[in-house]
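Contents: one structure, followed by commentary.
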Amino acid sequence: MKRHIRFSREDDTLLLLDQRYLPGAEKWFLCRRVRDVEEALQEMVVRGAPAIGIVAGYGCCLAAATTDETDPQWQEQLLEKMYRIAESRPTAVNLMHVVDRMHQAWRTDPDISLSDLKWMWDRLAREIHNEDISANKALGGYGLELLGEASSVLTHCNAGALATGGYGTALGVVRAAKSAGWNIRVIAGETRPFLQGARLTAYELWQDDIEVRVACDNAAALLMQRGEVDAVLVGADRIAANGDTANKIGTYNLALLASWHSIPFYVAAPSSTFDLQTESGRDIPIETRPEQEVTHVGSELVTPPGVPVYNYAFDVTPADLISAFITEKGVIRPPFAGAIQTFLDKG
Ligand code: MRU
């Protein structure tokens, strides 16, 4: 897939492939200032935990580019813009991690001029972007050891190139399998209400000539019962220190079904998605999104007017339903308690 997140230092613009229109149309969303970045994140022009983090890095660059160095308050203004970016969405920890990393780089030289900071951040934001692609490729390789050469994997939401710097976590494993010449097939759960599976996962796999078939979310149990699923492979938005994992709403359902049918349930995620400060899933904030996403399909109202709905965007899969984590440092297997920190510290 071509790069869907493009930052230009020359004219201080961030161009994002607008995922709201896929697969119907390839439109681009232009960000010049922080409020454009906030809109892009909140309205899901770009989504997926690692991609959100990468955009936050470039967002800080735009924040610096639109700050006036002659203003004696420029540091405070810049900090306020960074907080706004960090608060755009609450669940994906990559967003906070990246803003923190940009802030820490600034703190190494608190007297730095704004123009020097811009250069420093430009390099760092690109580094974060490239690191994500490399991490995805590395974890793709580790994921292979868990799958058979002819596997049918069920995935949920979109944990592919569009959700990351450009390769994918769960779909990174699929891409690695395809590159190894394996006969891998993907079942993409449609992922109501935003349809990341039906629209985005199917789109990018279809573009890359990887076998994909879309299933309604509520077909998962039947497909497992019929032996159509060899493994469930998903990404993550935040993994707590004990292994509890927040991912797109419906992931927990799949983990329960997989456990019942003795099918392995794998989570593929770079170390930037682990949040060791958060002890367990109970402490992960779950985003609620506008009701309209559930009450409407496109512009059409599909529920009786005024009937309230739930629109939790994520759920938390308890660690004991997870067969393994696939990271760029290798595979983490249960028991996870204490093991995750030790594993990630390995360097
Ligand atoms: O609301 P979204 O589309 O940002 O949710 C995305 C997911 O839940 C993905 O599965 C997750 O971020 C992993 S992406 C590699």
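The numbering used here puts the first residue of the sequence shown at 16, with every later residue one more than the last. Glycine included, each C-beta is placed from N, C-alpha and C at the ideal position. Please read all numbers here as calculations on a predicted model, not as lab measurements.
Pull up the distance between the alpha-carbon of residue 148 and that of residue 155, whole angstroms please.
-> Distance between the alpha carbons of residue 148 and residue 155: 11 Å.
Proximity below 9 Å, CB of residue 71 to CB of residue 52 = In this structure, residue 71 sits near residue 52, with a CB-CB distance shorter than 9 Å.
Paired residues, beta bridge with residue 167 - DSSP | According to DSSP, residue 167 bridges with 200.
Segment limits, alpha helix (DSSP H) that includes residue 286 = Boundaries cannot be given for residue 286, as no alpha helix (DSSP H) includes it and DSSP labels it neither H nor E.
Check whether the Cβ atoms of residue 393 and residue 341 sit closer than 9 Å, and answer yes or no.
-> Residue 393 is absent from the structure shown; the chain starts at 16 and stops at 362.
Three or more C-beta pairs below 8 Å linking the segment 134 to 142 and the segment 272 to 292 = Output reads no: the segment 272 to 292 does not touch the segment 134 to 142.
Can you pull the DSSP bridge partners for residue 43?
-> Residue 43 is bridged to 32.
Would you call the segment 241 to 255 and the segment 207 to 225 touching, i.e. three or more CB-CB distances under 8 Å?
-> With the cut-off at 8 Å, the segment 241 to 255 and the segment 207 to 225 do not touch.
Range of the contiguous alpha helix (DSSP H) that encloses residue 146 = Bounds of the alpha helix (DSSP H) holding residue 146 are 129 to 159.
To the nearest whole angstrom, what separates the beta carbons of residue 260 and residue 337, a pair I think is in contact under 8 Å?
-> Residue 260 to residue 337, Cβ: 6 Å. Contact.
Tell me whether residue 168 is buried or exposed, calling it buried when 16 or more other Cβ atoms sit within 10 Å of its Cβ.
-> Using a 10 angstroms sphere on the CB of residue 168, the tally of other CB atoms reaches 16 or more, which defines it as buried.
Nearest-angstrom Cα separation, counted from residue 97 out to residue 246 | Whole-angstrom Cα-Cα distance: 39 Å.
Once you ignore the five residues that flank residue 266 on each side, which residues in its own chain have a CB closer than 7 Å to its CB?
-> Scanning its chain for C-beta atoms nearer than 7 Å, with the 5 sequence neighbours on each side dropped, one finds around residue 266 the residues 171, 249, 330 and 332, in chain order.
How is residue 103 classed by DSSP in three states: helix, strand or coil?
-> Residue 103 falls in the coil class under three-state DSSP.
May I ask you to report which of helix, strand or coil DSSP gives residue 375?
-> Given a span of 16 to 362 for the chain in the structure shown, any question on residue 375 remains unanswerable.
Complete runs of the alpha helix (DSSP H) confined to the segment 204 to 291 [at least 4 residues] = Complete alpha helix (DSSP H) runs here, min 4: 217 to 222, 235 to 240 and 266 to 275.
Mind checking whether the beta-carbon of residue 59 lies closer than 8 Å to any heavy atom of the ligand MRU?
-> For residue 59, the CB falls within less than 8 Å of some heavy atom of the ligand MRU.
Residue 42 to residue 32, Cα distance in whole Å?
-> So the two alpha carbons sit approximately 6 Å from each other.
Is DSSP giving residue 341 helix, strand or coil here?
-> In the structure shown, the three-state DSSP call for residue 341 is strand.
Which residues does DSSP pair with residue 332 in a beta bridge?
-> For residue 332, the pairing in a beta bridge is given by DSSP as 260.
Report back the beta-carbon spacing between residue 84 and residue 130 to the nearest angstrom; my notes put them in contact at under 8 Å.
-> Between residue 84 and residue 130, the beta carbon gap of about 7 Å places them in contact (Cβ cut-off 8 Å).
Taking the C-alpha atoms as reference points, what is the distance between residue 46 and residue 78?
-> In a straight line, the C-alpha of residue 46 is about 11 Å away from that of residue 78.
What did DSSP end up calling residue 183 once you bin it into helix, strand or coil?
-> If DSSP states are grouped into helix, strand and coil, residue 183 belongs with the strands.
Give the straight-line distance between the Cα atoms of residue 44 and residue 353, rounded to the nearest whole angstrom.
-> Taking C-alpha positions only, residue 44 is separated from residue 353 by approximately 42 Å.
May I have the straight-line CA-CA distance separating residue 323 from residue 310, to the nearest angstrom?
-> Here the alpha carbon of residue 323 sits roughly 9 Å from the alpha carbon of residue 310.
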